[in-house]
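These notes are about the structure you will find just below.
In the numbering used here, the protein residues as written are 6 to 201.
As structure tokens, then:
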């Protein structure tokens, strides 16, 4: 069984692409979703986050996401500290999840594979791209964020052109029908490569 990384910039539509792979019967692990769950359920993470961010990091036992988002948005060092706490726990959780899967390949969706130099952990990497305007439109609708905040997040991420150079597959997610077709083609290419 091989591990295929699925990545792409904010608003590129990684979840949409992941869902198309799920409909093909491919097990999918969404790292961000699992990280959020672990930040609420792991005593180790809770203890360490409270040590850094203070008691306001949690409200009624649940992660105070707005409070943390504001803290890390204005201080990159806090973001790095948080990642050092959360990422190893997510990696451990993924390994446990992987043991339970039974398929030719699995997909691990993670936004910052290249930014954190984690590409060696994957057998293949798929990058999802979309036009800047399509991404902006999705994010304004989904998050209710300001254009300026979205621009700032995009500026912090590696450009698509760099990700494309390092990827095995690229899926353009601008029109759903075309995206679904590319997912099927990519799926077939991965299965074909495993026969060799």
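The C-beta atom is built at its ideal place from N, Cα and C for all residues, glycine as well. Here the structure is a predicted model, which is why all the values come from computation and not from measurement.
From this set, the options, which residue's C-alpha is nearest residue i's C-alpha?
{"i": "residue 41", "options": "175, 70, 146 and 107", "result": "70"}
{"i": "residue 19", "options": "156, 188, 146 and 97", "result": "188"}
{"i": "residue 141", "options": "131, 158 and 132", "result": "158"}
{"i": "residue 150", "options": "78, 12 and 27", "result": "78"}
{"i": "residue 155", "options": "101, 186, 121 and 138", "result": "138"}
{"i": "residue 126", "options": "176, 84 and 117", "result": "117"}
{"i": "residue 175", "options": "195, 161 and 160", "result": "195"}
{"i": "residue 121", "options": "144, 143, 93 and 180", "result": "93"}
{"i": "residue 5", "options": "192, 134 and 153", "result": "The structure shown has nothing for residue 5, since the chain only spans 6 to 201."}
{"i": "residue 17", "options": "108, 173 and 145", "result": "145"}
{"i": "residue 164", "options": "14, 107, 8 and 7", "result": "14"}
{"i": "residue 47", "options": "83, 190 and 91", "result": "91"}
Secondary structure at residue i, three-state DSSP: helix, strand or coil?
{"i": "residue 127", "result": "coil"}
{"i": "residue 177", "result": "strand"}
{"i": "residue 12", "result": "strand"}
{"i": "residue 136", "result": "coil"}
{"i": "residue 117", "result": "coil"}
{"i": "residue 103", "result": "helix"}
{"i": "residue 33", "result": "strand"}
Residues in its own chain within less than 7 Å of residue i by CB, not counting five upstream and five downstream?
{"i": "residue 67", "result": "45"}
{"i": "residue 102", "result": "34"}
{"i": "residue 61", "result": "69 and 72"}
{"i": "residue 50", "result": "43, 44, 90, 91 and 94"}
{"i": "residue 39", "result": "95 and 98"}
Exposed or buried, which one is residue i when buried takes at least 16 other CB atoms within 10 Å?
{"i": "residue 200", "result": "exposed"}
{"i": "residue 178", "result": "buried"}
{"i": "residue 136", "result": "exposed"}
{"i": "residue 87", "result": "buried"}
{"i": "residue 197", "result": "exposed"}
Take residue i and list the residues in its own chain whose beta-carbon comes closer than 8 Å to its own, dropping the five residues that flank it on each side.
{"i": "residue 124", "result": "10, 118, 130 and 171"}
{"i": "residue 26", "result": "11, 33, 112, 188 and 192"}
{"i": "residue 23", "result": "11, 33, 35, 112 and 114"}
Among residues of its own chain, excluding the 5 on either side of residue i, which ones have a beta-carbon nearer than 6 Å to its beta-carbon?
{"i": "residue 75", "result": "none"}
{"i": "residue 143", "result": "16"}
Three or more C-beta pairs closer than 8 Å, one from the stretch 180-197 and one from the stretch 50-59: is that the case here?
-> no
Could you say if the stretch 107-115 and the stretch 15-31 meet the contact criterion of at least three C-beta pairs nearer than 8 Å?
-> yes
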